[in-house]
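K.L.:
Numbering (my numbering), first residue to last: 3 to 162. For every residue, glycine included, the Cβ atom is placed at its ideal position computed from N, Cα and C. Given the structure is predicted, the values throughout are model-derived calculations rather than measurements. Would you mind keeping the following structure in view while I ask a few things?
Right, dumping it as structure tokens:
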């Protein structure tokens, strides 16, 4: 799995992180985003919901990449000391998986219109093969399960 199989990240990322009572918040119009909920003030018009909802979906789709890229770069720059920054955030398995996929699928191969899981499906392929399979997934409208099946078929055919 790469650098996260041993070392400080594994030690520091074994527990789930609990936000303090004064947890962070972000406000977009009448929507107050917190780590475990969104408070809606008043009765916003239907059109007021689109931007904040799209923002939340965008964050959800992008966060595995952000975490993986940050862990990889942090380890490159600071080595074992970087484990202290991680603290008690996500499970070790998730941090390892995010970092592994981000390391193996370079930014130029990533397609925002595809899920992170679709990219995880092609992570074991060469960069050129990744680009081809991801482009085909977009053309064919494959979901991540479809793409994973195609990748497995491809890998099996190259071993024969």
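For the beta strand (DSSP E) that residue 41 lies in, which residues bound it at each end?
P.N.:
Counting along the chain, the beta strand (DSSP E) containing residue 41 begins and ends at 39-42.
K.L.:
Pull the bridge partners of residue 86 from the DSSP assignment, please.
P.N.:
DSSP, once it has assigned bridges, lists no residue as partnering residue 86.
K.L.:
Would you please state the rounded distance, in angstroms, between the beta carbons of residue 142 and residue 111? I believe it to be under 8 Å.
P.N.:
The Cβ separation is near 17 Å, so there is no contact.
K.L.:
Nearest CA to the CA of residue 147: which residue from 126, 83, 117?
P.N.:
117
K.L.:
Measuring straight from C-alpha to C-alpha, what distance separates residue 79 and residue 47?
P.N.:
47 Å
K.L.:
Taking three-plus beta-carbon pairs below 8 Å as touching, is the segment 50-70 in contact with the segment 31-38?
P.N.:
Contact between the segment 50-70 and the segment 31-38 is present, with at least three C-beta pairs closer than 8 Å.
K.L.:
What would DSSP say about residue 115, mapped onto helix, strand or coil?
P.N.:
coil
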